[in-house]
Amino acid sequence: MNLRLKVKYISLLSVIIFGLTACLEKSDGSITDAQAAWNMPFFAPQTNEAVPEFKEPGDPYMIRTTAGANALDLETPLRCNVNWETQQMVLSLPYIKSAFKLERNGQNDPLPRFEVTGFSFDMMPAERAIAKLTKDAEIRVSSSDGPYTSISAQDLKGEFSEVIKMIADSAGIYYSYSSKDKVLTLSRRANMTLYTPPARPIILGLLDVIRGAGITDIVTNWADYSITFDADVETKNKMVELINFFENSPTLIAYDVSIFRLYPHNQSSDIEWKEMLNAFDFGSITTAQTGVIGRILTTTNDISIDKLQQFVGNQARIETVSEGKFVVPNLWLARFDIGKCSKPNIDSYGMSILAKASLEKGNEIFTDVTLEETNGQVTNFKIRNKLGENFLIIGLPNELFGMTSPKSETIIFMVPRLIRTLKTNEKIKNKI
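Under our numbering, the residues of the sequence shown are numbered 262 to 693, in order.
In structure tokens, the structure reads:
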């Protein structure tokens with residue numbers, strides 16, 4: 262196309278557009294609805310509805326279960342209910358020994374049956390030793406948390422499954438076998454279920470012992486009184502010991518606990534604990550002992566929780582943090598997490614009470630009490646008291662727990678009780 266034809270073509274196109282635009286104008290010079298539509302971008306949505314705004318999803322690792330859902334705890338009605346008016350110092354509790362049972366969960370098919378003779382290895386990781394043993398059987402070995410302990414063995418003999426068990430036990434690991442896939446899986450931990458007698462003090466004591474062993478991921482079934490958890494070999498052996506412990510009708514030591522914060526009315530002065538000597542009869546406080554931080558007093562029942570609150574209420578505002586109970590089998594270590602029974606909207610510091618207790622002559626109780634918080638141990642006390650005497654831990658500055666209120670402190674009131682168990686059978690138990 263030459264230049265003259267190109268100019269004519271452009272001029273013609275301009276005339277058409279100009280004419281079409283003019284047809285869309287009104288006589289007063291304003292534009293018609295049609296012209297308005299013509300001037301709009303062709304892709305603009307002609308609607309009054311709001312266009313939804315899509316955002317990139319946030320980091321899924323920063324999303325947490327709601328606090329309200331996490332606050333649901335099936336133990337609460339049992340653990341967080343203390344009747345300070347009608348406390349039984351000694352409770353008798355019959356139970357059936359055969360109700361105790363510890364079972365491992367998950368599939369574990371029988372291993373192939375054949376004899377092993379003269380199998381030896383020297384300072385070899387357990388997974389390599391087992392792989393060497395299973396090679397001829399064409400069994401593949403899998404492990405997700407190795408390497409494991411290096412061990413040695415000379416001239417092992419016996420059935421294949423027995424030799425595998427000997428090696429696994431020596432290394433402190435578990436194994437499970439899938440006959441379909443011919444895979445032997447090794448692991449440091451296994452999922453266990455502990456079945457207990459249908460007695461609430463016993464299952465609470467077992468829960469506290471399991472937590473005392475450092476296991477916090479626990480599922481309790483209150484329909485069949487069972488506790489499911491992951492355990493290494495050492496913890497599993499402790500659970501077996503605990504079951505055997507109930508063979509001889511042991512005594513359990515229960516503690517009722519109440520934790521308060523005190524905010525002095527005079528913010529420049531400490532609580533005057535020496536005034537207790539004037540407020541209560543001489544002998545109501547039997548011992549006073551200093552720990553790393555704080556002091557622990559043993560008191561008679563003359564100093565009840567009501568009288569204690571009345572005394573401190575004259576000097577400070579009282580804020581109840583938590584109230585509950587925990588159970589310690591004789592000579593075992595148990596844990597009470599204060600947050601499990603904390604009041605709504607109260608920061609419980611993440612503090613726990615650990616207690617190891619033993620019953621001695623004349624109903625004397627020796628207790629090793631440790632207070633722990635998220636960052637580690639706060640303080641520790643070793644104390645002996647008679648049945649009917651209480652503990653009072655005082656002088657724990659709230660600064661320990663990140664609070665800035667001057668002169669404020671946390672106190673803990675504990676009442677030990679005894680639960681005497683009686684092993685029996687179903688026929689006799691139903692008549693008690």
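All residues carry an ideal CB built from backbone N, CA and C; glycine is no exception.
So which of the options has the shortest CA-CA distance to residue i?
{"i": "L569", "options": "Q638, F652, V639, D531", "result": "F652"}
{"i": "D442", "options": "G544, L372, V343, C602", "result": "L372"}
{"i": "T512", "options": "L632, N624, L333, N344", "result": "N624"}
{"i": "M664", "options": "I607, A540, S565", "result": "I607"}
{"i": "E650", "options": "I644, V676, E634", "result": "V676"}
{"i": "S510", "options": "I357, K668, M537, A328", "result": "I357"}
{"i": "P525", "options": "S381, W483, N659", "result": "N659"}
{"i": "D485", "options": "S403, T326, E502, T454", "result": "T454"}
{"i": "G574", "options": "W593, N527, S619, W345", "result": "N527"}
{"i": "S422", "options": "Q349, A515, R450, Y435", "result": "Y435"}
{"i": "L335", "options": "I400, L468, S381, E399", "result": "L468"}
{"i": "D531", "options": "V377, T685, L333, S669", "result": "S669"}
In terms of residues, what are the limits of the alpha helix (DSSP H) holding residue i?
{"i": "V553", "result": "Counting along the chain, V553 falls outside any alpha helix (DSSP H), and DSSP gives it neither H nor E."}
{"i": "L569", "result": "566 to 574"}
{"i": "A432", "result": "421 to 432"}
{"i": "P338", "result": "337 to 340"}
{"i": "M384", "result": "Element bounds for M384: not the alpha helix (DSSP H) but the beta strand (DSSP E), 376 to 386."}
{"i": "P658", "result": "Run containing P658: none in the alpha helix (DSSP H); it sits in the beta strand (DSSP E), 651 to 658."}
Just mark residue i as buried or exposed, buried being the case when its beta carbon has 16 or more other beta carbons within 10 Å.
{"i": "T337", "result": "exposed"}
{"i": "T481", "result": "buried"}
{"i": "V639", "result": "buried"}
{"i": "S359", "result": "exposed"}
{"i": "F674", "result": "buried"}
{"i": "F521", "result": "buried"}
{"i": "R472", "result": "buried"}
{"i": "P605", "result": "exposed"}
{"i": "W534", "result": "buried"}
So residue i is in the beta strand (DSSP E); what residue range does that whole segment cover?
{"i": "S439", "result": "435 to 439"}
{"i": "M675", "result": "670 to 685"}
{"i": "D629", "result": "625 to 634"}
{"i": "N646", "result": "637 to 647"}
Grouping DSSP H, G and I as helix and E and B as strand, with all else coil, what is residue i?
{"i": "N369", "result": "coil"}
{"i": "D598", "result": "strand"}
{"i": "T496", "result": "helix"}
{"i": "E508", "result": "helix"}
{"i": "A237", "result": "The structure shown does not extend to residue 237, since the chain is modelled only from 262 to 693, so the question has no answer here."}
{"i": "N331", "result": "helix"}
{"i": "F361", "result": "coil"}
{"i": "L592", "result": "coil"}
{"i": "I271", "result": "Its pLDDT being 42, under 50, I271 is placed unreliably by the model, and the measurement read from it follows with that caveat. Helix."}
{"i": "G466", "result": "helix"}
{"i": "E346", "result": "coil"}
ask   = Can you find at least 3 beta carbon pairs, one from the region 674 to 684 and one from the region 351 to 365, that sit closer than 8 Å?
value = With a cut-off of 8 Å, the region 351 to 365 and the region 674 to 684 count as touching, because enough Cβ pairs lie within range.
inquiry  = Could you check whether the region 367 to 387 touches the region 455 to 475, counting it as contact only if at least three pairs of C-beta atoms, one from each stretch, sit closer than 8 Å?
reply    = No, the region 367 to 387 is not in contact with the region 455 to 475.
query = Is the region 407 to 415 close to the region 374 to 387, with three or more CB pairs under 8 Å?
reply = The region 407 to 415 is in contact with the region 374 to 387.
ask   = Are there three or more Cβ pairs, one per stretch, closer than 8 Å when the region 595 to 603 is compared with the region 578 to 586?
value = Flag = yes, the region 595 to 603 and the region 578 to 586 touch.
ask   = Are at least three pairs of beta-carbons, each pair with one atom in the region 628 to 648 and one in the region 603 to 619, less than 8 Å apart?
value = Under the 8 Å Cβ criterion, the region 628 to 648 counts as touching the region 603 to 619, having at least three qualifying pairs.
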